[in-house]
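*Asks:* Those protein sequences? They're chains A and B, same order as listed.
Just so you know, we're using UniProt numbering here: the first sequence kicks off at 1 and counts up by one.
Just so you know, we're using UniProt numbering here: the second sequence kicks off at 1 and counts up by one.
Each residue gets a CB set at the ideal place from its N, CA and C atoms; glycine is no exception.
It should be emphasised that the depicted structure is a prediction, and the values quoted were computed from it without experimental measurement.
There are 2 protein chains.
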Amino acid sequence: MTTTRAEPQPAGFADVRTTNLAVVLRHLRAHGPSSRAAIAAETGLTKATVSSLTGDLIEHRLLRETGPSGNRIGRPATVLALDGSAYASIGMQIAPDQLTALAVDYSGAQLLLWHRATAGTTAEIVALAQRAASRVRQQGRHVLGLTLAVPGDLPVSGADLRDRVAGSLRRKDLVVTVAGSATLAALAEQRLGGQRDLAYISGAAGLEAGLIIDGNPVRGGRLGRSVLGPAGTPTLADRAGIASLVRRALPDVDPEALTDLGSAVETVAVRARAGDVTAGKAVEHAGGYLGQGLALLANLIGPEVFVLGDHYATLAEWLAPAAARELERHAPTPIVASTLGLHAAALGGAVSHLHQVDIGRLPDNDR
Amino acid sequence: MTTTRAEPQPAGFADVRTTNLAVVLRHLRAHGPSSRAAIAAETGLTKATVSSLTGDLIEHRLLRETGPSGNRIGRPATVLALDGSAYASIGMQIAPDQLTALAVDYSGAQLLLWHRATAGTTAEIVALAQRAASRVRQQGRHVLGLTLAVPGDLPVSGADLRDRVAGSLRRKDLVVTVAGSATLAALAEQRLGGQRDLAYISGAAGLEAGLIIDGNPVRGGRLGRSVLGPAGTPTLADRAGIASLVRRALPDVDPEALTDLGSAVETVAVRARAGDVTAGKAVEHAGGYLGQGLALLANLIGPEVFVLGDHYATLAEWLAPAAARELERHAPTPIVASTLGLHAAALGGAVSHLHQVDIGRLPDNDR
Numbered sequence: 001m002t003t004t005r006a007e008p009q010p011a012g013f014a015d016v017r018t019t020n021l022a023v024v025l026r027h028l029r030a031h032g033p034s035s036r037a038a039i040a041a042e043t044g045l046t047k048a049t050v051s052s053l054t055g056d057l058i059e060h061r062l063l064r065e066t067g068p069s070g071n072r073i074g075r076p077a078t079v080l081a082l083d084g085s086a087y088a089s090i091g092m093q094i095a096p097d098q099l100t101a102l103a104v105d106y107s108g109a110q111l112l113l114w115h116r117a118t119a120g121t122t123a124e125i126v127a128l129a130q131r132a133a134s135r136v137r138q139q140g141r142h143v144l145g146l147t148l149a150v151p152g153d154l155p156v157s158g159a160d161l162r163d164r165v166a167g168s169l170r171r172k173d174l175v176v177t178v179a180g181s182a183t184l185a186a187l188a189e190q191r192l193g194g195q196r197d198l199a200y201i202s203g204a205a206g207l208e209a210g211l212i213i214d215g216n217p218v219r220g221g222r223l224g225r226s227v228l229g230p231a232g233t234p235t236l237a238d239r240a241g242i243a244s245l246v247r248r249a250l251p252d253v254d255p256e257a258l259t260d261l262g263s264a265v266e267t268v269a270v271r272a273r274a275g276d277v278t279a280g281k282a283v284e285h286a287g288g289y290l291g292q293g294l295a296l297l298a299n300l301i302g303p304e305v306f307v308l309g310d311h312y313a314t315l316a317e318w319l320a321p322a323a324a325r326e327l328e329r330h331a332p333t334p335i336v337a338s339t340l341g342l343h344a345a346a347l348g349g350a351v352s353h354l355h356q357v358d359i360g361r362l363p364d365n366d367r
Numbered sequence: 001m002t003t004t005r006a007e008p009q010p011a012g013f014a015d016v017r018t019t020n021l022a023v024v025l026r027h028l029r030a031h032g033p034s035s036r037a038a039i040a041a042e043t044g045l046t047k048a049t050v051s052s053l054t055g056d057l058i059e060h061r062l063l064r065e066t067g068p069s070g071n072r073i074g075r076p077a078t079v080l081a082l083d084g085s086a087y088a089s090i091g092m093q094i095a096p097d098q099l100t101a102l103a104v105d106y107s108g109a110q111l112l113l114w115h116r117a118t119a120g121t122t123a124e125i126v127a128l129a130q131r132a133a134s135r136v137r138q139q140g141r142h143v144l145g146l147t148l149a150v151p152g153d154l155p156v157s158g159a160d161l162r163d164r165v166a167g168s169l170r171r172k173d174l175v176v177t178v179a180g181s182a183t184l185a186a187l188a189e190q191r192l193g194g195q196r197d198l199a200y201i202s203g204a205a206g207l208e209a210g211l212i213i214d215g216n217p218v219r220g221g222r223l224g225r226s227v228l229g230p231a232g233t234p235t236l237a238d239r240a241g242i243a244s245l246v247r248r249a250l251p252d253v254d255p256e257a258l259t260d261l262g263s264a265v266e267t268v269a270v271r272a273r274a275g276d277v278t279a280g281k282a283v284e285h286a287g288g289y290l291g292q293g294l295a296l297l298a299n300l301i302g303p304e305v306f307v308l309g310d311h312y313a314t315l316a317e318w319l320a321p322a323a324a325r326e327l328e329r330h331a332p333t334p335i336v337a338s339t340l341g342l343h344a345a346a347l348g349g350a351v352s353h354l355h356q357v358d359i360g361r362l363p364d365n366d367r
């Protein structure tokens, strides 16, 4: 998910065409259905070029003709509209006890959302990936790619996992990528929320930050490992991580019973809302230290907004004010709660493949 | 110094030409003097295109013909060589009590290095900038730009300072930019050391990190402000900053006498080398906490190498091993000492304008 090296290569017509395809797609996303003449007038491309580009896009089923436009004198012009339905992209979120598969079409509309209990084997991942890909292909869609969202502390390398999954799929032409869950969740926030610059704070595995800086995903973000102080000082995850928050907030609950983090966090929210002092203090404590962690990011990287994600979003009502009090002493930055829920990383994995089309890299059309 | 937005624009022949100019310049930087035919053969450009591009570069005095090449049969081909001497770029480093001006030509050769004591007024900055620009213009060079390197904690905004300085210069066509000292020092390390990915750690003003990630400067880097712990916990600058290090290492020296940080740090180095226990312990203490700070950066951003800069470089012999012990528990990353000295930010400011030529944006030639 890092940016590629920008070594200059001789520029030619293929680059020009790719850029111009991106210009046409972007115009239609921003302005809605338009005639060829209107596209030409507003993009600065010649009419002949627009005709050729839109022909290519129609052939790739990314545009369709929607009949004549009414608002002009003379021969009515055919209007072109974006058509996302011929393409699908799949994200899978890999958690310790659950797999989630989510597919969207090129317009971002959700095509499927499946959850499966898992023991964490590659075979289970491959089986679910295969079923999801088959389903959207049966619907007549070309699959742009499949992204596996993994927690930052996964005990295998991303490249290994990608090779094992890609090698086991029946269709070898499916593009498989692997990326960190927090980064992909940030990508989902970027595409759906329109933010070009944000830090998504995930509590799902330790305490991770997904960073999109000036439009580009940035590696790193292992916020929970932060520690400053003499030997033996707790890490930020010890102080502000979801697991330690839940242990502090629910001292009467057997830790063995807390493996489903989602329902434990819901219980904390219920108790905090009911005025339970122990739960309230635990959330306040975590929120203050979370704010110190956000201040680290604000000073070192300076994202424009912090998005409290997944389990932190569930508790944002209490966490955000406590965190904001710490943060405002450093670099006042808005803190908002994510509305994408617990499978934002799967969504981010799915939308990550749409970008290649946005930038004019049209897929081969054999599905 | 942030990356620009990559909104697609219709691509045309101007972009193609700019890219191809960059390709030719890059080829000559990498391979040394070459004939037009050799450039064409190795870049994949046609001979006609290479003739046109090199004609443009000769007109801009970036290439010169150096006579026939010997190693070929038949009519000898004229060899083209890069010529950096017609262009100059100026960096100025603004410290509390000193201004430094440094100019380089397009090949990176140093043209001047001036220091002035200062009370910190805009008039002093303008006067020195003007003298430096006049000097290199008298030598027949076109000035690509002037960059002011400011500490991260400067009490005015960069844009304000730029406007005041640019507005007071006699020549209004001189491009003036302002950027953080640590970032510019990192840029100098990148251009001269060839590292595409590094964190330059500066002790000159607080404790700042200049970040170049995958070839691009990244904003932020205010490492000294980091703090994690209960209310009243010292910041990282309190624990690992140069000012606090010097106070701990030289308890017998009047703090009022320590305004020249450079000579105080030299004294610490002399005492540490002589086996002075107080100085040795102070450097060890700062080095350990500096390592915790580098670990924050390693976990959050993951630079490929840490470069201990300016005053930290002077003490690197003792700081680096102590820092490495903390860092290796997180993400083992090389720690090296900068060799660019105390005016690396001025050098970075100067070289920052050379990049526009590298990427094929040829300046107007009226100096």
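1. To which residues does DSSP link residue 100 (chain A) through a beta bridge?
2. For the alpha helix (DSSP H) holding residue 127 (chain B), just list the boundary residues, first then last.
3. Just list the residues that DSSP pairs residue 217 (chain B) with in beta bridges.
4. Does the contact criterion of 3 or more C-beta pairs under 8 Å hold for the region 171–183 of chain B versus the region 328–339 of chain B?
5. So which residues of chain A does residue 226 (chain B) contact, with C-beta pairs closer than 7 Å?
6. Using DSSP with H/G/I as helix, E/B as strand and the rest coil, what is residue 304 (chain B)?
7. When DSSP labels each residue in this structure, what does residue 286 (chain A) get in the three-state scheme?
8. Is the distance from the Cβ of residue 346 (chain A) to the Cβ of residue 92 (chain A) below 8 Å?
9. Would you call the region 320–337 of chain A and the region 297–311 of chain A touching, i.e. three or more CB-CB distances under 8 Å?
10. What would DSSP say about residue 348 (chain B), mapped onto helix, strand or coil?
11. Residue 162 (chain B): which of B:123, B:191, B:189 sits nearest, CA to CA?
12. Tell me the residue span of the beta strand (DSSP E) that contains residue 82 (chain A).
13. Closer than 7 Å by beta-carbon distance: list the chain B residues that pair up with residue 63 (chain A), in chain order.
14. Along chain B, in chain order, which residues have C-beta atoms closer than 8 Å to that of residue 222 (chain A)?
15. Name the one or two DSSP bridge partners that residue 200 (chain A) has.
16. Please list the partners that residue 292 (chain B) has in chain A, where partner means a Cβ-to-Cβ separation under 7 Å.
17. Quick check on the DSSP output: the beta strand (DSSP E) that includes residue 142 (chain B) runs from which residue to which?
18. Taking Cβ positions only, does residue 236 (chain A) come closer than 8 Å to chain B?
19. Is any beta-carbon of chain B found at less than 8 Å from that of residue 325 (chain A)?
20. Quick one: grab the DSSP three-state call for residue 245 (chain B).
21. Rank B:195, B:101, B:200 by C-alpha distance to the C-alpha of residue 117 (chain B) and give the top, closest one.
22. So, with DSSP's three-state summary, where would you put residue 273 (chain B)?
23. Between which residues of its own chain and residue 278 (chain B) is the CB-CB distance below 7 Å, once the five residues before and five after are set aside?
24. For residue 188 (chain B), which residues in the same chain have their Cβ closer than 7 Å to its Cβ, ignoring the five residues on either side in sequence?
25. Name, please, each residue of chain B whose Cβ falls closer than 9 Å to the Cβ of residue 343 (chain A).
26. Cα separation between residue 134 (chain A) and residue 147 (chain A)?
27. In chain A, what lies closer than 7 Å to residue 330 (chain B) by C-beta?
28. Taking the alpha-carbon positions, what's the residue 284 (chain B) to residue 204 (chain A) distance?
29. Counting only beta-carbon separations shorter than 8 Å, does residue 213 (chain B) have a partner in chain A?
30. Taking 7 Å as the limit between beta carbons, can you name the residues of its chain near residue 16 (chain A), skipping five residues before and five after?
31. Would a C-beta distance cut-off of 8 Å place residue 327 (chain B) and residue 199 (chain B) closer than the cut-off?
32. Throw me the rounded Cβ distance for the residue 426 (chain A) and residue 80 (chain A) pair, which I believe falls under 8 Å.
33. Is the Cβ-Cβ distance between residue 332 (chain A) and residue 197 (chain A) less than 8 Å?
34. Measuring CA to CA, which of A:159, A:362, A:361, A:246 is closest to residue 272 (chain A)?
35. Determine, using beta carbons only, whether residue 219 (chain B) comes closer than 8 Å to chain A.
*Replies:* Taking the definition as stated:
1. Taking the first sequence and counting its residues from 1, the one referred to as residue 100 (chain A) is at position 100. Paired residue(s): A:93, A:115.
2. The residue given as residue 127 (chain B) occupies position 127 in the second sequence. That run of the alpha helix (DSSP H) goes 122–138.
3. Here residue 217 (chain B) corresponds to residue number 217 of the second sequence, with the count starting at 1. B:212, per the DSSP bridge assignment.
4. no
5. Taking the first residue of the second sequence as position 1, residue 226 (chain B) is located at position 226. Going along chain A in sequence order, the residues near residue 226 (chain B) (Cβ under 7 Å) are 228, 296, 299.
6. Residue 304 (chain B) sits at position 304 when you count from the first residue of the second sequence. Coil.
7. For this step, residue 286 (chain A) is matched to residue 286 along the first sequence. Reduced to three states, the DSSP call for residue 286 (chain A) is helix.
8. The count along the first sequence starts at 1 and reaches residue 346 (chain A) at position 346. The count along the first sequence starts at 1 and reaches residue 92 (chain A) at position 92. Taking 8 Å as the Cβ cut-off, residue 346 (chain A) and residue 92 (chain A) qualify as a contacting pair.
9. yes
10. For this step, residue 348 (chain B) is matched to residue 348 along the second sequence. Residue 348 (chain B): helix per DSSP, three-state reduction.
11. For the purposes of this step, residue 162 (chain B) is taken as the residue at position 162 of the second sequence. Minimum Cα distance to residue 162 (chain B) is reached at B:123.
12. One-based indexing of the first sequence puts residue 82 (chain A) at position 82. Residues 78–82.
13. As a working note, residue 63 (chain A) is residue 63 in the first sequence. Correct list: empty, because the minimum Cβ distance to chain B is about 17 Å.
14. Residue mapping note: residue 222 (chain A) aligns to position 222 of the first sequence, counting from 1. Ordered by position in chain B, the residues that pass the 8 Å Cβ test against residue 222 (chain A) are 299, 300.
15. As a position in the first sequence, residue 200 (chain A) is number 200, starting the count at 1. For residue 200 (chain A), which the question treats as bridged, DSSP gives the partners A:210, A:307.
16. The residue given as residue 292 (chain B) occupies position 292 in the second sequence. Result: 227, 228.
17. If you number the second sequence from 1, residue 142 (chain B) lands on position 142. Run containing residue 142 (chain B): 142–150, per the beta strand (DSSP E) assignment.
18. Counted from its first residue, the first sequence places residue 236 (chain A) at position 236. With 8 Å as the cut-off, residue 236 (chain A) counts as an interface residue toward chain B.
19. Against the first sequence, residue 325 (chain A) aligns to sequence position 325. No, its Cβ sits nowhere closer than 8 Å to a Cβ of chain B.
20. Within the second sequence, the letter at position 245 stands for residue 245 (chain B). Three-state result, residue 245 (chain B): helix.
21. Position 117 of the second sequence, counted from the first residue, corresponds to residue 117 (chain B). Of B:195, B:101, B:200, the residue nearest in Cα terms is B:101.
22. Your numbering for residue 273 (chain B) matches position 273 in the second sequence. Helix.
23. Walking along the second sequence from the start, residue 278 (chain B) turns up at place 278. Hits under 7 Å: 249, 251.
24. Counting from one through the second sequence, the residue named residue 188 (chain B) turns up at place 188. Excluding sequence neighbours, residue 188 (chain B) sits near 340, 344, 347, 348, 351.
25. On the first sequence, position 343 is the one that residue 343 (chain A) refers to. Chain B residues near residue 343 (chain A): none, gap ~25 Å exceeds 9 Å.
26. For the purposes of this step, residue 134 (chain A) is taken as residue 134 along the first sequence, with counting starting at 1. For the purposes of this step, residue 147 (chain A) is taken as residue 147 along the first sequence, with counting starting at 1. Looking at the two C-alpha atoms, the distance is approximately 16 Å.
27. For this step, residue 330 (chain B) is matched to residue 330 along the second sequence. Result: 225.
28. Numbered from 1 along the second sequence, position 284 holds the residue referred to as residue 284 (chain B). Numbered from 1 along the first sequence, position 204 holds the residue referred to as residue 204 (chain A). Computed Cα separation, rounded: 37 Å.
29. Counted from its first residue, the second sequence places residue 213 (chain B) at position 213. Output row for residue 213 (chain B): interface = yes.
30. Residue mapping note: residue 16 (chain A) aligns to position 16 of the first sequence, counting from 1. So no residue of the chain qualifies.
31. On the second sequence, residue 327 (chain B) is found 327 positions in, with the first residue counted as 1. On the second sequence, residue 199 (chain B) is found 199 positions in, with the first residue counted as 1. Taking 8 Å as the Cβ cut-off, residue 327 (chain B) and residue 199 (chain B) do not qualify as a contacting pair.
32. Nothing about residue 426 (chain A) can be read from this structure; chain A reaches only from 1 to 367.
33. Here residue 332 (chain A) refers to the residue found at position 332 of the first sequence. Here residue 197 (chain A) refers to the residue found at position 197 of the first sequence. For residue 332 (chain A) and residue 197 (chain A), no; Cβs fall outside 8 Å.
34. Here residue 272 (chain A) refers to the residue found at position 272 when the first sequence is read from its first residue. Nearest of A:159, A:362, A:361, A:246 to residue 272 (chain A), Cα basis: A:246.
35. What you label residue 219 (chain B) is simply residue 219 of the second sequence in a count that begins at 1. True, the Cβ-Cβ gap to chain A drops below 8 Å.
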